[in-house]
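Working notes, structure below.
Numbering (full-length UniProt numbering), first residue to last: 1 to 301.
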């Protein structure tokens, strides 16, 4: 019994020492992070562990602010959606005014497929989406979407999106689509549309911006004898080339059931840069929410 008690006491002493050392190390790390979280610092060395497909240039562009002696709050790697986790470790350097930074990451799976079906009144469809994450090592996303149904004969869409300089708040999208729609039941014709688009999406202090250029070719065909005169007049081919801009500013406290804040969306379109469609369009959508107390609030559109 005496030997057992001595063994247990010895183990307890070892555990206490381990916990004490761990707590002291945690306290030192927390102090280091807290002291450097909002103050400029200099980086003595920088190491990246865990990357397989991601290009070094992407990581350098994202952490450029940190390398320029900014604060660690500028690192946006987590929002690129290409890593399972991103851990930043700080270590002391030979230079007392500098830090060694170790970036440890684990990349997310590269491919995934989504499938789905939709069934409604006199309509049904099935779709499949193939997605490639971090396609070329620069946080690009590649998506191919296909759908077939009773009303929409088929839809195919291809989209390649890339962050600019590794910034998740600024992206460029290139997309192409093809759509064949069966309108025989309601309008006695079929509609074929094919198009390409180039979009720039960016967040600013004002809100979300989307600037795009698109070109769409449309054909009204397979007109039945029961078609109306307006359908017959629109039969044939048309080409629309347009520039659009969208601004969204959303300050609501909840997207589904807001009780305070406001939402505004501005949309402008200019068509006539080519093709046979010419138009200028302006749209505005707004919402204002005012709390009245006791669970009541006023919503203005």
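Each residue gets a CB set at the ideal place from its N, CA and C atoms; glycine is no exception. Computed from a prediction, not measured in an experiment: that's the story for all the values here.
C-beta atoms of residue i and residue j nearer than 9 Å
i           : j           : result
residue 217 : residue 189 : no
residue 86  : residue 101 : no
residue 155 : residue 121 : no
residue 267 : residue 284 : yes
residue 134 : residue 143 : no
residue 125 : residue 150 : yes
residue 239 : residue 206 : no
residue 181 : residue 153 : yes
residue 136 : residue 55  : yes
residue 214 : residue 185 : no
residue 130 : residue 119 : no
residue 168 : residue 80  : yes
Chain-order list of residues whose beta-carbon lies under 6 Å from that of residue i (same chain, five-residue window excluded)
i           : result
residue 235 : 220 and 223
residue 146 : 128 and 156
residue 192 : 180 and 219
residue 176 : 158 and 196
residue 282 : 268
residue 116 : 127
residue 160 : 142 and 174
residue 244 : 212 and 269
residue 287 : 263 and 301
residue 250 : 263
residue 162 : 140 and 172
residue 299 : 289
The alpha helix (DSSP H) enclosing residue i, as first and last residue numbers
i           : result
residue 305 : It is not possible to answer for residue 305, since the shown part of the chain is limited to 1 through 301.
residue 230 : 229 to 233
Residue i, enclosing beta strand (DSSP E) - first and last residue
i           : result
residue 257 : Unbroken run through residue 257: none, as it is neither H nor E.
residue 133 : 123 to 133
residue 175 : 167 to 182
residue 297 : 296 to 300
residue 189 : Counting along the chain, residue 189 falls outside any beta strand (DSSP E), and DSSP gives it neither H nor E.
residue 281 : 279 to 293
residue 218 : 208 to 221
residue 240 : 236 to 250
residue 50  : First-last for residue 50: undefined, no H or E at that position.
residue 90  : 83 to 92
residue 103 : 98 to 107
residue 116 : 111 to 120
residue 265 : 261 to 275
Per-residue burial, residue i [other beta carbons within 10 Å of its own, 16 or more giving buried]
i           : result
residue 105 : buried
residue 111 : exposed
residue 84  : exposed
residue 230 : exposed
residue 77  : buried
residue 82  : buried
residue 225 : exposed
residue 69  : Low confidence applies here, because residue 69 scores a pLDDT of 42, under 50, leaving its location unreliable; read the following figure in that light. It counts as exposed.
residue 73  : Unreliable positioning characterises residue 73 in this predicted model, as indicated by a pLDDT of 40, which lies under 50. A coordinate reading is not provided.
residue 295 : exposed
residue 242 : buried
residue 274 : exposed
residue 338 : What the structure shows of the chain is the stretch from 1 to 301, and residue 338 is not part of that stretch, so it cannot be assessed.
residue 255 : exposed
residue 293 : exposed
residue 49  : exposed
residue 278 : exposed
Close beta carbons around residue i, own chain, < 7 Å, minus the five adjacent residues each side
i           : result
residue 253 : 259, 260 and 261
residue 276 : 238 and 239
residue 148 : 125, 126 and 154
Beta carbon proximity, residue i to chain C, threshold 9 Å
i           : result
residue 266 : No chain C appears in the structure shown, which is made up of a single protein chain.
Supposed close pair residue i, residue j - CB separation, criterion 8 Å
i           : j           : result
residue 212 : residue 198 : 6 Å
Heavy atom of the ligand NAP within 8 Å of residue i beta-carbon
i          : result
residue 90 : Only the bare structure without any ligand can be found here, which leaves the ligand NAP out of the picture.
Own chain residues within Cβ distance below 8 Å of residue i, not counting five before or after
i           : result
residue 228 : 187 and 188
residue 52  : 107
residue 232 : 223
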